[in-house]
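What follows is a single structure, written as structure tokens, with notes after it.
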């Protein structure tokens, strides 16, 4: 029973009252590793001003910010230079901080032979969301870049098949992971329902130019598209 | 422990038919460039609702006869935008989202997420928590591989392994339920610890599972490993070389089946995995059969890790004894003013994560599972990103299936071990 105890001066109680509980006084393993990363030094030596910034995150993870215009050149060098040899592109993603700040495209690299990781970031202004695709270097980037395009609206120059991947191909509400995108979407529920119901399944991903995908027809002779089947019933229009 | 009923090695014996065609009949891409039939390719749509797609996956195949010219996967049917939802939740509230992604190995996802946040915060969890998480993650590897084993066998028409595998999975479900109260949506981890300490008798039940499971594994092994139909359907099907596999971003058992010994537990160890004795099985041919062998062996290795981890499971607290990270005990909350305030602050504000970003990868059951969290110091993440192993593995299916028959596509898809909840997120 500790009810009778007065809270000692400077206790958390006092701090809460004053709104002072801020920095986490955590049992920290503050790995303030200022150890330089061999790749970062080599990158600096080779690409000089194109390597804009280097920071260490989460204790021991090295992050390099590079010029977005030269991303493919730099990543190609990182992949092909025998001393670097980042042969595994773990991930491509993007981060939107909101408030008009530039959007970051993030590449997680891993070198299987050297057992080394590196994070490369490129910053893109929201007005020009365009960057070279790295699909020619890593096939992994195919779907990962499509996902970034789908959810953030970054267009990757030179990508062979840049279309939406997680959202429907005719999704018209924008790019969901951008900070200015509301959680429930841009359209009303009724409009979303109407759009979902008025989709023609035959338009979904059957390769173009092939007549086979469209072949099944309604008994009356018209295709499914012409018939009433594709129209939602009035009661379902939301 | 039961003796192994079948001996096999990861290398292939010649009588199984490796070089110069398969002993079990023609299965290899039949060249059907028949003159005069050169019409348009036929388009066949498989899925999204089809048991052999292992989820809501749609594959649009262009065929020449029965040979696949091109496969176009269509995904997104299960898209729930977990990453967007995460931006509206506090750090601990994201945990329930993680197990809904991969419902075949939910605890690995729970653990991976909090490990990433803990790394960003610089929190070192207690020794007991570390070992317990290793136990959970290895248990989930078996759990997930068993589902893969059962469903892959059933795709080949083998019903018995499916029943055997699911009997064993049921035991792990029971273990889930005993610890978390849920069978699939476990949500067992918290930043800085676990939801609760290990319940009484839980470890004994796990030991009982470990004692009986090898017998089942041997039985399934005996049914499939040297089964002629299984060999014929899997050997030399869906081959990918090691260079291509790395270039395509393969990780996990799929990559190791191609002969690349990349395992996050060995190459970038976490939770003292370097101190556990286990082997990383490597395939040679990169085909469906080697993926099968690698997963079978991984289950045995996981059993070994589980035995070691149970032995070294220390006592002591499960959660970090830091009131800024983990909740105080109920007794303290009721009797101690300071604890109550910490409790209140943690529940209302959540844990405080310093600004920065962190990418933390663990070896999931399906490959490298990375969690990338970005914090700006606020109560909620700026961005929470999952590096989805199945998503990347599935993207290669078109390349693997080209030139094979439609029935091989089913096998290739099964051998990749995908889970659509995580692909669509």
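Chains as they are written, first to last, in my numbering: chain P, -14 to 223; chain W, 80 to 504. All C-beta atoms in this analysis are idealised placements derived from N, C-alpha and C, irrespective of residue type, glycine included.
DSSP, reduced to helix, strand and coil, places residue 89 of chain P within a strand of the structure shown.
In this model, residue 146 of chain P and residue 131 of chain P are separated by some 8 Å (Cα to Cα). Nearest to residue 166 of chain W by alpha-carbon distance, out of W/480, W/472, W/462, is W/462. As the crow flies, the alpha-carbon of residue 366 of chain W is around 5 Å from that of residue 315 of chain W. Rounded to whole angstroms, the Cβ separation of residue 339 of chain W and residue 97 of chain P is 6 Å, and the two are in contact under 8 Å. Considering only W/435, W/441, W/407, W/442, the residue with the shortest C-alpha distance to residue 426 of chain W is W/407.
Within chain W, no residue has its beta carbon less than 7 Å from that of residue 49 of chain P; the closest one is some 13 Å off. From the listed residues P/80, P/180, P/103, the smallest Cα separation to residue 69 of chain P is found for P/103. The beta carbon of residue 208 of chain W sits no closer than 9 Å to any beta carbon of chain P. Cβ proximity to chain W below 7 Å picks out 42, 43, 44, 46 from the region 16 to 47 of chain P.
The beta carbon of residue 458 of chain W sits closer than 7 Å to those of 169, 428, 429, all from its chain and outside the five residues before and after it, given in chain order.
Taking all protein chains shown into account, residue 143 of chain P has fewer than 16 neighbouring C-beta atoms within 10 Å of its C-beta and is therefore exposed. Residue 33 of chain P is bridged by DSSP to nothing; it lacks a bridge partner.
Among the CB atoms of chain W, one or more fall inside 9 Å of the CB of residue 124 of chain P. Against chain P, the beta carbon of residue 447 of chain W has neighbours under 7 Å at 75, listed in chain order. The residues 203, 204, 270, 271, in chain order, have a CB closer than 8 Å to that of residue 197 of chain W in the same chain once the five nearest residues on each side in sequence are set aside.
Taken atom to atom, the span from the alpha-carbon of residue 288 of chain W to that of residue 334 of chain W is near 29 Å. Under the DSSP assignment, residue 368 of chain W falls in the alpha helix (DSSP H) whose first and last residues are 367 to 391. A Cβ of chain W is located within less than 9 Å of the beta carbon of residue 132 of chain P. The C-alpha of residue 319 of chain W is placed about 30 Å away from the C-alpha of residue 24 of chain P.
Using a Cβ-Cβ cut-off of 9 Å, residue 93 of chain P counts as an interface residue toward chain W, since at least one Cβ of chain W sits closer than that to its own. Judged by DSSP secondary structure, residue 184 of chain P falls outside any alpha helix (DSSP H); it is assigned neither H nor E. Under the Cβ distance rule, residue 107 of chain P does not count among the residues neighbouring chain W, no pair being separated by less than 9 Å. Within chain W, the residues 474 have their CB atoms less than 7 Å from the CB of residue 127 of chain P, given in chain order.
Around residue 327 of chain W, the beta-carbon contacts reaching into chain P at under 7 Å are 124, 125. Residue pairing by DSSP places residue 151 of chain W opposite W/139 in a beta bridge. With contacts defined as CB atoms closer than 9 Å, residue 254 of chain W and residue 285 of chain W qualify as a contacting pair.
Less than 9 Å separates the beta-carbon of residue 489 of chain W from that of residue 234 of chain W. For residue 470 of chain W, the enclosing alpha helix (DSSP H) begins and ends at 468 to 473. Taking a Cβ-Cβ threshold of 7 Å, the residues of chain P close to residue 162 of chain W are 162, in chain order. Under the Cβ distance rule, residue 173 of chain P does not count among the residues neighbouring chain W, no pair being separated by less than 9 Å. At least one CB of chain P lies nearer than 9 Å to the CB of residue 158 of chain W. Going by beta carbons, residue 469 of chain W and residue 221 of chain W fall outside the 9 Å limit. The C-beta distance from residue 79 of chain P to residue 139 of chain P rounds to 6 Å, short enough to meet the 8 Å contact threshold. Given a length threshold of 3 residues, each whole run of the beta strand (DSSP E) inside the region 411 to 460 of chain W is given here in chain order: 435 to 442, 447 to 454.
Chain W places no beta carbon closer than 9 Å to that of residue 55 of chain P, leaving this residue out of the contacts.
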